[in-house]
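**Q** Okay, so the sequence shown: first residue is 3 according to our numbering, each after it adds one.
Every residue, glycine too, gets a C-beta built ideally from N, C-alpha and C.
Submitted below is the structure of interest, expressed as structure tokens.
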Amino acid sequence: MSVQKQDVEFTNIVKNILDNEEFKKIDKIEHHGISRLDHSMRVAYYSYKVAKFLRLDYVKTARGGLLHDFFLSPEDRTTKDRFVSTFVHPKEALQTAKKHFELSRKEEDMIRSHMFPINPSVPKYAESWVVSTVDKVVAVNELSLKFKFKLKYAYSLALLFMINFVR
Ligand SMILES: [Fe+2]
Ligand SMILES: [Fe+2]
Numbered sequence: 003m004s005v006q007k008q009d010v011e012f013t014n015i016v017k018n019i020l021d022n023e024e025f026k027k028i029d030k031i032e033h034h035g036i037s038r039l040d041h042s043m044r045v046a047y048y049s050y051k052v053a054k055f056l057r058l059d060y061v062k063t064a065r066g067g068l069l070h071d072f073f074l075s076p077e078d079r080t081t082k083d084r085f086v087s088t089f090v091h092p093k094e095a096l097q098t099a100k101k102h103f104e105l106s107r108k109e110e111d112m113i114r115s116h117m118f119p120i121n122p123s124v125p126k127y128a129e130s131w132v133v134s135t136v137d138k139v140v141a142v143n144e145l146s147l148k149f150k151f152k153l154k155y156a157y158s159l160a161l162l163f164m165i166n167f168v169r
């Protein structure tokens, strides 16, 4: 069982989202080399922990964090589709989330602004800054694992080049 699901309070806060049939579909979508649901659960959980530590609204933070990437992309996405999605997906996620859940202004803002500064929507609440920051930390971690082998290859080439250069 994941660390997120072992936390009873966190699980109770996000239960109605996790039980939603439309939301469950994001488990089938690849995102940073893992499922979009796993990515969203990490962002939601660590944002919830940070918000709790900072005495912010951790209930809304957990919900906003979980819904921040709630958009359904087609399986046959091209590289161009992925690139365009980087800029437009917060808006798509907000539309999808509003269609299936009752959201507060704060939760809406967390979804809308999580890609700041790539996306010009500036976070309006401290909780939105938490989700946006945690999302970046989690994404860098996931992407570094996804491209691990390519990085190893690049390091080997760099090493080979240096050996040749210094001898
Ligand atoms: Fe995102
Ligand atoms: Fe994300």
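Helix, strand or coil: how does DSSP classify H33 here?
**A** H33 falls in the strand class under three-state DSSP.
**Q** Could you tell me the distance, in whole angstroms, from the CA atom of H1 to the CA atom of I19?
**A** The first residue shown for the chain is 3 and the last is 169, placing residue 1 beyond what the model contains.
**Q** Could you check the C-alpha separation between E23 and P119 for me, to the nearest Å?
**A** Straight-line Cα distance between these residues: approximately 32 Å.
**Q** Span of the alpha helix (DSSP H) holding R38?
**A** It spans R38 to F55 - the alpha helix (DSSP H) in which R38 sits, taken as one unbroken run.
**Q** Relative to the C-alpha of L58, which residue among K138, R114, S130 and D29 is closest?
**A** It is S130 whose Cα lies nearest to the Cα of L58.
**Q** CB-CB under 6 Å to D29, same chain, minus the five flanking residues each way: which ones, in chain order?
**A** If we look at D29 and ignore the five residues flanking it on each side, its Cβ neighbours are S37 and L39.
**Q** Using 7 Å as the cut-off, classify the Cβ of M117 as near or not near the heavy atoms of ligand 1, replying yes or no.
**A** Yes.
**Q** Once DSSP output is grouped into helix, strand and coil, what is the label at N1?
**A** In the structure as shown, the chain starts at 3 and stops at 169, and residue 1 therefore has no counterpart that could be examined.
**Q** Taking DSSP as the reference, what is the three-state secondary structure of I120?
**A** In this structure, I120 counts as coil in the three-state DSSP scheme.
**Q** Can you name, in chain order, every residue of its own chain whose Cβ lies under 7 Å from the Cβ of A46, other than the five neighbours on each side?
**A** Excluding positions up to five away in sequence, the list reads V16, A64, G67 and L68.
**Q** Provide the residue span of the alpha helix (DSSP H) that contains E110, from first to last.
**A** Segment R107 to R114, the alpha helix (DSSP H) holding E110.
**Q** Quick one: is the Cβ of K34 within less than 7 Å of any heavy atom of ligand 1?
**A** Note on identity: in this sequence residue 34 is His, with Lys being the wrong assignment. Flag unset: Cβ of H34 not near ligand 1.
**Q** Tell me whether the segment 76 to 89 and the segment 49 to 57 touch, counting them as touching only if at least three CB pairs, one residue from each stretch, are closer than 8 Å.
**A** Cβ pair count under 8 Å is below three, so no.
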